[in-house]
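Numbering (this note's numbering), first residue to last: 3 to 544. For each residue, glycine too, the CB sits at the ideal point set by N, CA and C. First up is the structure itself, then whatever we jot down about it.
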Amino acid sequence: PDAPYAAKASIAADKQGKFWQMHDKLFEANNSRQQDALKQDKVDAMAREIGLDMERYQRDVNAPETAQVIRDDQAQAARLGANGTPHFFIDGARVSGAMPYESFKAVIDAQLKRANAVLASGVQKKELYESLIKDGQSGPPAPPPQAAPPPQARNVDPGDGPWTGAKRPKVTIVEWSDFQCPYCARVEPTLKQILETYKDDVRLVWRNEPLGFHPNAMPAAKAAMAAFKQGNDKFWKMHALMFAHQNELSEAKYEEWAKEAGLNLAQWKKDKESPEIAALISKDNAYAQQVGAEGTPSFFVNGKFISGAMPFETFKGAIDEQIRKADELLKSGTKQEKLYQALVEENVKAAGGSPQAAAPGVEQKFDVQAGNAPAKGAKTAPVTIIEFSDFQCPYCGRAQSTLKQVLDQYPGKVRLVWKNQPLSFHPNAMPAAEAAMAAYEQGNDKFWAMHDRLFAKQQELSPAYYEQVAKEIGLDVAKWKASVESHSGQALIQADMSAGSAVGANGTPTFFINGKRLVGAMPFESFKQVIEEELSSRVAKK
């Protein structure tokens, strides 16, 4: 939440020729791990310390053009598929994440060779950079297909899930949310203010998007949707209790709140663990990815996209505009029951999108290639699951038992493919990936033997443990060590990371089931639903 102000402060410092001094101060403060290190007052104090003209600084921080610089940078990042940070382009060659020195060295050395070759061909030094990047990315790693920027408006189906507010709305807000997400909790007072201010005009619709890195989000979603089975009002009672006590989310509390909400406890407990509830949440999650709601909270105001815990004024501007449009349509003869669809189609068309509805259950398929990556199962299996994962990620570890259940349940029908996505904030993730890929050089079975032991003892990840495992699984240890020390797996790992970034696999674990994206350590039922759909589709086509 403090990043936008810090970015504005750095731009304001740049206008006084002191960007890098502010840059260093900001990162030093952030790395100190002190609470509120980048709050506005502390950032302003840094500006004073480096000798900025404070009157000019404050003027520049709040200037509209400063905010526009940030928006322009974000738009360019989206166009280039730089969806995570840090992200680097070295003469156009992508390096994603907080990589070791060797990763940068490999790319820089390759780019120096290219630069020398281009100069030798007669290109002037002042034209060198433009010449190197004119054909797009070049050099290692190979350029991935570019990710599409998030939509400004989408034809979103509100569905028939929990809702509150106006019975005959002029504005429908579809929210994707997560009960453990702090930003979702932060926006709750704003949503309450909206519903009070526009009680006759606005309806709020809830959709689930429990994020994989929030361990309590999925159980909370199941508890809330089990309450919904007993009535819309029961859901909202449970919803209010969960957000009011977000730091207390637990099975014991869900039961306590279920009693407080007046639920039939026996039925609620049964529903909470049912495949039906898991499937409902899974569908919401899949639909979120389809319409571009890839973080929480995400909102669609009559289809117009608003991302994050925005202030009331942001919503007010969008709502007032939609009410005005709704009044015009109603006056011209549009029926109330067709009002939402008419407004959404108008908004999508104005944003340059297709007015065709994004139907839930018809998930977007991503073109993710298995290549020569480590794999389990027959190449001829009708269903391929491509997993982007991180050996230090606890949620990736949690997903392993589910994946085993999938492979056991569907012998010969499912193939599992591994792709590396070591996250930069997991210091052991990249070394573990290199150790596993060095094992892969000695055979696919050796990779999986290393893989299983790394996940079995995630808390012990270290060079000594990797070498111990290498011996235990029968590797040629000298050959394995040479591969690890030379970082021979880096090219494959970087290629995996770039491919993952291009299709939105920026968190772990992320799965693609015949191209359909599933995010997080989801329950077996979520995998089963997509697998059964794919198997049924294959039978229908025969």
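So for valine 408, helix, strand or coil by DSSP?
Along the sequence shown, one-based indexing puts residue 408 at 406. Valine 408 falls in the helix class under three-state DSSP.
Proximity to valine 385 [Cα-Cα], best of Asn516, Thr510, Ala39, Gly167:
The count along the sequence shown starts at 1 and reaches residue 385 at position 383. For the residues Asn516, Thr510, Ala39, Gly167, the minimum Cα distance to valine 385 belongs to Asn516.
N- and C-terminal bounds of the alpha helix (DSSP H) containing serine 500
Position 498 of the sequence shown, counting from 1, holds the residue named residue 500. Start and end: 492 to 504.
Taking 8 Å as the limit between beta carbons, can you name the residues of its chain near leucine 520, skipping five residues before and five after?
What you label residue 520 is simply residue 518 of the sequence shown in a count that begins at 1. Hits under 8 Å: Ser284, Asn287, Ala288, Thr512, Phe513, Phe514, Ser528, Phe529, Val532.
Can you tell which of Arg116, Asp93, Thr166 has the C-alpha that lies nearest to the C-alpha of glutamate 1?
An answer regarding residue 1 cannot be provided, because it is not within the stretch 3 to 544 covered by the chain.
Taking the beta carbon of histidine 453 as the centre, do at least 16 other beta carbons fall within 10 Å, making it buried, or is it exposed?
Locating residue 453 in the sequence shown gives position 451, where the first residue counts as 1. Under this definition histidine 453 is a buried residue.
Among Gln394, Ile475, Phe90, Met432, which one has its Cα closest to the Cα of glutamate 462?
Here residue 462 refers to the residue found at position 460 of the sequence shown. Residue Gln394 is the option with its Cα nearest to glutamate 462.
Excluding the 5 residues preceding and the 5 following alanine 9 in the sequence, name in chain order all residues of the same chain whose CB lies nearer than 6 Å to its CB.
By 1-based counting over the sequence shown, the position of residue 9 is 7. Same-chain partners within the cutoff: Ile72.
Identify which residue in Met240, Asp180, Ala377 has its Cα closest to the Cα of serine 419.
The count along the sequence shown starts at 1 and reaches residue 419 at position 417. Per the sequence shown, the amino acid found at residue 419 is valine instead of serine. Valine 419 has its Cα closest to that of Ala377, out of Met240, Asp180, Ala377.
State the DSSP-derived secondary structure class of phenylalanine 301, mapped to helix, strand or coil.
Along the sequence shown, read from residue 1 onward, the residue named residue 301 stands at position 299. In the structure shown, the three-state DSSP call for phenylalanine 301 is strand.
Grouping DSSP H, G and I as helix and E and B as strand, with all else coil, what is leucine 213?
Against the sequence shown, residue 213 aligns to sequence position 211. It is coil, neither helix nor strand.
For lysine 333, I'd like the list of residues in its chain whose CB is within less than 6 Å of its CB, leaving aside the five on either flank, ordered along the chain.
Sequence index remark: in the sequence shown, residue 333 carries index 331 (1-based). Take lysine 333, set aside five residues on each side of it, and no residue of its chain has a beta-carbon closer than 6 Å to its own.
Helix, strand or coil, according to DSSP, for phenylalanine 390 in the structure here?
Working through the sequence shown from its first residue, we reach residue 390 at position 388. Note: phenylalanine 390 maps to strand in three-state DSSP.
Helix, strand or coil: which one does DSSP assign to glycine 167?
Within the sequence shown, residue 167 is the residue found at index 165, counting from 1. Look at glycine 167 here: in three-state DSSP terms it is strand.
Label arginine 209 either buried or exposed according to how many other C-beta atoms from any shown protein chain fall within 10 Å of its C-beta, with 16 as the threshold for buried.
As a first step, residue 209 is located in the sequence shown; it is residue number 207 there, counting from the start. With 16 or more other Cβ atoms inside 10 Å of its own Cβ, arginine 209 counts as buried.
Which residues does DSSP list as the beta-bridge partners of valine 370?
Indexing the sequence shown from 1 puts residue 370 at position 368. Partner(s): none; valine 370 has no beta bridge.
Roughly how far, in whole angstroms, is the beta-carbon of methionine 244 from the beta-carbon of phenylalanine 181, given that I think they are within contact range, below 8 Å?
What you label residue 244 is simply residue 242 of the sequence shown in a count that begins at 1. What you label residue 181 is simply residue 179 of the sequence shown in a count that begins at 1. Indeed they touch by this definition, with Cβ atoms about 5 Å apart.
Which class does glutamate 529 belong to by DSSP, given the choice of helix, strand or coil?
The residue given as residue 529 occupies position 527 in the sequence shown. Just to set this straight, residue 529 is phenylalanine in the shown sequence, not glutamate. Here phenylalanine 529 sits in helix by DSSP.
On the DSSP bridge assignment, give the partners of valine 385 in chain order.
On the sequence shown, residue 385 is found 383 positions in, with the first residue counted as 1. Valine 385 is bridged by DSSP to Val416.
How far does the alpha helix (DSSP H) with threonine 87 in it extend, from its first residue to its last?
As a working mapping, residue 87 is identified with position 85 in the sequence shown. No alpha helix (DSSP H) contains threonine 87, which DSSP labels as neither H nor E.
Quick check: the Cα distance between methionine 56 and arginine 50, rounded to an integer number of angstroms?
Within the sequence shown, residue 56 is the residue found at index 54, counting from 1. Within the sequence shown, residue 50 is the residue found at index 48, counting from 1. One C-alpha to the other measures close to 7 Å.
Identify the continuous beta strand (DSSP E) that holds lysine 128 and give its terminal residues.
What you label residue 128 is simply residue 126 of the sequence shown in a count that begins at 1. Counting along the chain, lysine 128 falls outside any beta strand (DSSP E), and DSSP gives it neither H nor E.
Going by DSSP in three states, asparagine 565 sits in which element: helix, strand or coil?
Since the first residue shown for the chain is 3 and the last is 544, residue 565 is missing from the structure and cannot be characterised.
Give the C-beta separation of glycine 305 and asparagine 349 to the nearest angstrom, bearing in mind that I take them to be a contact with Cβ-Cβ under 8 Å.
Position 303 of the sequence shown holds residue 305. Position 347 of the sequence shown holds residue 349. Taking C-beta atoms under 8 Å as the contact rule, glycine 305 and asparagine 349 qualify, at a distance of about 5 Å.
Span of the alpha helix (DSSP H) around leucine 282:
Numbered from its first residue, the sequence shown carries residue 282 at position 280. Its alpha helix (DSSP H) spans residues 277 to 293.
Quick one: is phenylalanine 317 buried, meaning 16 or more other Cβ sit within 10 Å of its Cβ, or exposed?
Counting from 1 along the sequence shown, the entry for residue 317 is found at position 315. The residue is buried, with at least 16 neighbouring Cβ atoms inside 10 Å.
Beta-carbon proximity of valine 63 to alanine 14, cut-off 7 Å
The count along the sequence shown starts at 1 and reaches residue 63 at position 61. The count along the sequence shown starts at 1 and reaches residue 14 at position 12. Result yes, Cβ atoms of valine 63 and alanine 14 sit closer than 7 Å.
In chain order, what residues of the same chain have a beta carbon less than 7 Å from the beta carbon of arginine 170, not counting five sequence neighbours either side?
Within the sequence shown, the letter at position 168 stands for residue 170. Leaving aside the five residues that flank arginine 170 on each side, the residues in its chain whose CB is nearer than 7 Å to its CB run, in chain order, Gln338.
Locate the alpha helix (DSSP H) running through leucine 341, then write down its first and last residues.
Taking the sequence shown and counting its residues from 1, one reaches residue 341 at position 339. Where leucine 341 is concerned, the enclosing alpha helix (DSSP H) starts and stops at 341 to 352.
For phenylalanine 106, which three-state DSSP category applies?
Looking up residue 106 in the sequence shown gives position 104. Under the three-state reduction of DSSP, phenylalanine 106 is assigned to helix.
Report the CB separation of leucine 121 from lysine 127 in whole angstroms; it is logged as a contact under 8 Å.
Numbered from 1 along the sequence shown, position 119 holds the residue referred to as residue 121. Numbered from 1 along the sequence shown, position 125 holds the residue referred to as residue 127. Contact check for leucine 121 and lysine 127: beta-carbon distance about 7 Å, within the 8 Å limit, so the pair qualifies.
So for leucine 520, helix, strand or coil by DSSP?
Locating residue 520 in the sequence shown gives position 518, where the first residue counts as 1. Annotated three-state conformation of leucine 520 is strand, per DSSP.
Please list, in chain order, all residues of the same chain as glutamine 407 whose beta carbon is under 7 Å from its beta carbon, the five residues on each side excluded.
Position 405 of the sequence shown, counted from the first residue, corresponds to residue 407. These residues qualify, in order along the chain: Phe526.
Buried or exposed for aspartate 43, please, with buried defined as at least 16 other CB atoms from any protein chain shown within 10 angstroms of its CB.
Along the sequence shown, one-based indexing puts residue 43 at 41. The Cβ neighbour count for aspartate 43, taken over all protein chains shown within 10 Å, is under 16; the residue is labelled exposed.
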